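Read the structure below first, then the notes.
In my numbering, the protein residues as written are 2 to 284.
See the structure below:
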């Protein structure tokens with residue numbers, strides 16, 4: 002179901018930033034390693050670092066003496082609303098660019114491509130989607146995975162019991178506590194939650210990829226000047242090869258908290274985007 006929101010202020014984003022010398026970033030609390038908080042509650046992650054580069058570009062191009070950063074915590078269910086209503090200027094999380102969402106917000110050039118799979122306990126017999134027959138599966142409220150799973154349940158008549166959690170951490174806990182048999186989500190987010198757990202070997206990520214999920218920054222619609230500035234900086238980071246050490250920092254090296262290592266090489270689809278940056282994605 003498409004939910005519409007009242008439009009944000011008619012003032013252009015760059016005009017507002019120039020006047021207030023402040024950029025408001027919407028962030029997630031548990032989307033490791035894209036957007037999450039450290040043990041002191043400070044936002045961090047791959048998407049946050051990319052947004053810091055965007056912030057530097059804004060400060061430079063607007064000739065601002067300073068640019069303050071304010072953070073707004075959001076969930077998968079509130080992220081579109083936060084941008085559409087103007088409570089944040091940019092969302093730096095782990096959001097898939099979809100045709101339905103583009104009716105409400107705009108998206109930057111993608112900076113990651115994930116694949117929808119599922120996390121199960123190591124003692125589970127579930128290895129692929131048909132094994133979900135009669136099982137209980139949890140997804141995070143407000144994500145594309147909920148729609149994907151609902152469609153597959155209807156097509157395959159799997160008679161799945163579908164549960165929704167408020168965020169990824171809660172969904173992971175539901176599998177851990179055996180309140181759900183599987184957690185369907187993007188593979189990279191599942192890997193981050195698994196790596197962060199005190200006993201990662203107790204969980205497996207299984208299932209053929211259901212869909213490709215191009216992650217991008219969320220921006221307000223109908224603000225081409227701001228989108229152009231954001232896309233120029235992301236393209237520059239890619240074409241100047243700054244994206245590679247940034248990627249390695251979050252996906253190939255140990256990160257806090259917990260000193261976890263995602264150990265995920267850059268995928269082929271992301272490499273293609275880095276070589277030819279574009280905001281065009283399949284519907």
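Glycine included, C-beta positions come from ideal geometry on N, C-alpha and C.
In this text, all values refer to a predicted model and were calculated from it rather than measured experimentally.
Going by the CB atoms, is the gap between residue j and residue i shorter than 8 Å?
i	j	result
residue 78	residue 139	no
residue 24	residue 59	yes
residue 27	residue 94	yes
residue 72	residue 235	no
residue 85	residue 55	no
residue 253	residue 264	yes
residue 80	residue 92	yes
residue 205	residue 123	yes
In its own chain, which residues sit with a C-beta less than 7 Å from the C-beta of residue i, not counting the 5 before and 5 after it?
i	result
residue 166	139, 141, 142, 172, 175
residue 135	160
In angstroms with no decimal places, state the Cα-to-Cα distance between residue i and residue j.
i	j	result
residue 247	residue 158	43 Å
residue 70	residue 126	47 Å
residue 89	residue 46	18 Å
residue 227	residue 217	15 Å
residue 1	residue 209	Past the edges of the chain, shown from 2 to 284, lies residue 1, and the structure says nothing about it.
residue 270	residue 114	7 Å
residue 191	residue 177	13 Å
residue 110	residue 74	23 Å
residue 21	residue 57	16 Å
residue 221	residue 193	29 Å
Quick one: grab the DSSP three-state call for residue i.
i	result
residue 255	strand
residue 225	helix
residue 183	strand
residue 264	coil
residue 18	helix
residue 65	coil
residue 244	helix
I'd like the list of long-range same chain contacts for residue i, defined as Cβ closer than 8 Å, with 5 residues on each side in sequence excluded.
i	result
residue 358	Shown here, the chain extends from 2 to 284; a query on residue 358 therefore has no answer.
Please return the same chain residues whose Cβ sits closer than 6 Å to the Cβ of residue i, not counting the five positions on each side in sequence.
i	result
residue 63	19
residue 201	195
residue 214	97, 115, 187
residue 15	226, 227
residue 31	37, 168, 169, 170
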